[in-house]
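Just so we're aligned: the sequence shown equals residues -21 to -1, 1 to 221 in mature numbering (1 follows the signal peptide of the UniProt record, and there is no 0). Backbone N, C-alpha and C define an ideal beta-carbon position, used for all residues, glycine too. So the structure is just underneath, and the comments pick up after that.
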Amino acid sequence: MKYIKNVIFLFLFLSSIQAYGNPITVGITKFAGPFVRSDVDNHYFGFSIDIINEICKRIQEQCEFKSVTTELLLDQLTKGDVDITITSTPIPQESSSQYIFSLPYMPSIGQFVTINPNIKSFEDLQNKKIGALSESNLKNVLVLYTSEDNIKEYSEVDTLINALVNNDIDAILLNVNILKYFTNNKIIIGVRPIGKPISLGNGYGLLALRKNAALIDKINKVLLQMENDGTYEAIYNKYFEK
């Protein structure tokens, strides 16, 4: 009996070491604040980080963040360098045989804005220069409104906004929550919306290999719990309500 107890204790002890020694590695792509930001010591914070931290706490897993580029994202998932990743691209319409998304934790709704008084409707965007963040991967949406030659991508929010202010571009397309954050914090001033908000995809979710479907299933259950108990709303309001 004592032998069995010792075996059980050893098994539980080794299991706890293994769980602690193999944290879930979360890939972080470059994303506009307030979704993901980092300080000089590479400490990550922001809306998406708060969502991830709450998920990891509830599934009782240790998570660590790792910076990845959009270009190498799928490669690092395939190699196992990261287990899941926060993406700056909305969930696509088509499903993949190799990858799986979680439920969306944020809707992907976009809004065109301008400072040009002559641009009042979507029709006015034809043959106009439209800017967007390069990491958002919105070319497939923007070509519905202007020619590909007129699509201008920017790696930084500041350069995107400056391009609009300096009339290098005629309009920009931003996620409505990013726009709300920028407006509330006076990062962007004096813009007006063009038309109504548009759909950019099926929302933003966490991406993993299909072999990690069990992990995604846990994440989905937690996301639903967070929505039902008010935790998601509290995190959302921290960044987007004023």
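Inter-residue Cα distance where the pair is residue i and residue j
{"i": "Gly59", "j": "Glu43", "result": "14 Å"}
{"i": "Lys190", "j": "Thr4", "result": "15 Å"}
{"i": "Glu135", "j": "Thr64", "result": "21 Å"}
{"i": "Lys175", "j": "Lys197", "result": "35 Å"}
{"i": "Gly89", "j": "Leu153", "result": "5 Å"}
{"i": "Leu143", "j": "Asn95", "result": "9 Å"}
{"i": "Leu203", "j": "Arg171", "result": "35 Å"}
{"i": "Phe(-9)", "j": "Glu40", "result": "Note that Phe(-9) has pLDDT 43, beneath the 50 cutoff, so the model's placement of it is unreliable and no number is given."}
{"i": "Ser87", "j": "Ile151", "result": "16 Å"}
{"i": "Ala(-3)", "j": "Pro83", "result": "Summary for Ala(-3): the model assigns pLDDT 42, below 50, so the residue's position carries little reliability; its value from the coordinates is reported in the next sentence. C-alpha separation (whole angstroms): 27 Å."}
{"i": "Asp147", "j": "Lys108", "result": "8 Å"}
{"i": "Asn141", "j": "Ala111", "result": "12 Å"}
{"i": "Tyr215", "j": "Ile28", "result": "12 Å"}
{"i": "Glu212", "j": "Asn156", "result": "14 Å"}
{"i": "Lys45", "j": "Leu104", "result": "38 Å"}
Start-to-end residues for the alpha helix (DSSP H) that takes in residue i
{"i": "Lys58", "result": "Leu52 to Lys58"}
Assumed close pair residue i, residue j - CB separation to whole angstroms, cut-off 8 Å
{"i": "Ile70", "j": "Gly169", "result": "That belief does not hold up - the Cβ atoms of Ile70 and Gly169 are roughly 33 Å apart, past 8 Å."}
{"i": "Ser67", "j": "Glu114", "result": "4 Å"}
{"i": "Asn199", "j": "Ser81", "result": "6 Å"}
{"i": "Leu188", "j": "Leu56", "result": "6 Å"}
Own chain, CB closer than 6 Å to residue i, minus 5 neighbours either side, in chain order
{"i": "Ser17", "result": "Tyr23"}
{"i": "Arg37", "result": "Val201"}
{"i": "Ile177", "result": "Gly89"}
Residue i, enclosing beta strand (DSSP E) - first and last residue
{"i": "Glu43", "result": "Cys42 to Ser46"}
{"i": "Ile63", "result": "Ile63 to Ile65"}
{"i": "Phe80", "result": "Tyr78 to Phe80"}
Contacts around residue i, its chain only, beta-carbon distance under 7 Å, and the 5 residues preceding and following it disregarded
{"i": "Tyr218", "result": "Pro13, Phe26 and Tyr160"}
{"i": "Ile7", "result": "Val15, Tyr23, Phe44, Lys45, Ser46, Val47 and Ile65"}
Contacts around residue i, its chain only, beta-carbon distance under 8 Å, and the 5 residues preceding and following it disregarded
{"i": "Asn106", "result": "Thr125, Ser126 and Asn129"}
{"i": "Asn116", "result": "Thr49, Ser67 and Thr68"}
The ligand ZN heavy atom lying under 8 Å from the CB of residue i
{"i": "Tyr124", "result": "Among the components of this structure there are no ligands whatsoever, and the ligand ZN is therefore not found."}
Inset, instruction - Write down every uninterrupted run of the beta strand (DSSP E) in the region 129 to 215 whose length is 3 residues or greater and which is fully enclosed by it, in chain order. - result: The region 129 to 215 contains these whole beta strand (DSSP E) runs: 130 to 133, 150 to 154, 171 to 178 and 185 to 188.
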